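Residue 177, in full-length UniProt numbering, is where the sequence shown stops; the numbers in between run on with no holes.
Glycine residues also receive a C-beta, built at the ideal position from the N, C-alpha and C atoms.
Quick caveat, the model's predicted, so the values are computed rather than measured.
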Amino acid sequence: MRTDDFWAVIDRATADRPATPAAVAERAVAELVSRDPEEIVAWGRHLDKVMVASGTEDLWAAAYLINGGVDEAGFDAFRGWLIAHGRKAVASVVASPDVLATVSSVKAVADTGATCSAEEVLGIAGRAYEQATGGPMPPGESLRIRPEVADLWDFDNEDEMRRRLPRLSALFLEPPD
């Protein structure tokens, strides 16, 4: 599956209507379920590649800051939320996670305390495959989709957070003394 074909499914799931990540996931499943099982598997493998590419330390720090702390599963769900916003959002945020401070829904989270999480986006291919075939999606190769926790810098270090993610820190951290 080509990158453009992968993102076209997400683009159609968000086109011409406001969409929550859950709605994006449902629309993507509905589209994929009508395809050949091999194509669904290929779409899922491409999702894995997007997860690998977005598995950066500073993006994890941004997710940690925005959601008030995240573990491995929380970071994955955060990236599911990001993927539901489309290719351009993923590309710009992976290149510079601090750009999330300009996203209206992230600004709203700073005020409401809600979280940016969409685990359902990560299950699109599996759900579509199961609906199409009646069985589970075959396992693929195991990819390292995030850094090792032991290798991360200390996300509770507010000085380092301000240095690496200044705009997000301004939204989510108390001003320094």
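Residue burial classification, residue i (beta-carbon count within 10 angstroms, cutoff 16)
i	result
ASN157	exposed
GLY80	buried
LEU59	buried
VAL9	buried
PRO21	buried
VAL109	buried
ARG27	buried
SER34	exposed
ALA73	exposed
ALA15	exposed
ALA170	exposed
ARG144	exposed
ARG12	exposed
Option nearest residue i by Cα separation, candidates the options
i	options	result
MET137	GLY123, ALA150, ARG2, ALA62	GLY123
SER96	THR56, ASP154, THR14, VAL149	THR56
THR3	PRO37, PHE75, GLY68, LYS88	LYS88
VAL103	SER34, HIS85, ASP11	HIS85
ALA53	ALA91, ALA42, ALA73	ALA91
GLN131	ALA30, ASP159, MET161, GLU72	ALA30
ASP36	PRO176, ARG162, TYR129	TYR129
PHE172	ASP154, ALA114, GLY134	ALA114
ASP177	ASP159, ARG163, LEU168, ARG167	ASP159
PRO147	GLU39, PHE75, GLY68, GLU38	PHE75
HIS46	THR112, ILE83, SER117	ILE83
SER117	ALA13, ASP5, VAL106	VAL106
Start and end residues, alpha helix (DSSP H) containing residue i
i	result
THR112	104 to 112
MET51	37 to 53
VAL121	119 to 122
MET161	158 to 164
ALA63	57 to 66
ILE83	72 to 83
Cβ-Cβ separation, residue j to residue i (assumed contact under 8 Å), whole Å
i	j	result
ALA77	GLU141	With a Cβ gap of about 22 Å, ALA77 and GLU141 do not count as contacting.
ALA62	LEU100	6 Å
LEU165	LEU65	6 Å
VAL121	VAL50	10 Å between Cβ atoms; not a contact.
ALA125	TRP43	5 Å
LEU168	ASP98	6 Å
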